[in-house]
Amino acid sequence: METLSVSEFKARCLSVLQDVSKQKKRIIITKRGKPIAEVIPHESGEKEIPLENTVVFIGDIISPIAEEDWEVLK
């Protein structure tokens, strides 16, 4: 696990956070050689459903829409 001093982390904060996110690695932040914090990647607890909310129910799909307009039924 990589360690960084507080001053290094402050100077490179955005790039360090990008590395943590992309490479899924943990980084220990130290102050005077003692660990004070750990930066870890975020893991979403929700499972993504690829087609969720893509289908809209409009109505009955079995019966004809305009039954009275069909000549065959007359």
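Per my numbering, the sequence shown starts with residue 706, numbered consecutively. C-beta: ideal position from N, C-alpha, C; glycine also.
Would you say residue i reaches chain B, if we count a Cβ-Cβ gap shorter than 8 Å as a contact?
| i | result |
| --- | --- |
| A742 | The structure shown contains no chain B; it holds only a single protein chain. |
Can you say whether residue i is buried or exposed, counting buried as having 16 or more other CB atoms within 10 angstroms of its CB?
| i | result |
| --- | --- |
| F762 | exposed |
Hey, could you find the ends of the alpha helix (DSSP H) residue i is sitting in?
| i | result |
| --- | --- |
| E748 | Segment: none, E748 is in no alpha helix (DSSP H) and carries neither H nor E. |
| K727 | C718 to Q728 |
Pull up the distance between the alpha-carbon of residue i and that of residue j, whole angstroms please.
| i | j | result |
| --- | --- | --- |
| P740 | V725 | 17 Å |
| P746 | G738 | 23 Å |
| Q728 | V721 | 10 Å |
What span of residues does the beta strand (DSSP E) with residue i cover, start to end?
| i | result |
| --- | --- |
| I754 | Segment: none, I754 is in no beta strand (DSSP E) and carries neither H nor E. |
| V761 | It is not in any beta strand (DSSP E) - V761 carries neither H nor E in the DSSP assignment. |
| I734 | I732 to K736 |
Within its chain, find whatever has a CB closer than 6 Å to the CB of residue i; leave out the 5 residues flanking it on each side and keep chain order.
| i | result |
| --- | --- |
| K736 | V711 |
So, for residue i: in the same chain, excluding its five sequence neighbours on each side, which residues have a beta-carbon less than 8 Å away from its beta-carbon?
| i | result |
| --- | --- |
| I754 | none |
Can you list, in chain order, the residues of its chain with a C-beta nearer than 7 Å to that of residue i? Leave out the 5 residues immediately preceding and following it.
| i | result |
| --- | --- |
| Q723 | none |
Quick one, which of the options has its alpha-carbon nearest residue i's?
| i | options | result |
| --- | --- | --- |
| K730 | S749, M706, T759 and A716 | M706 |
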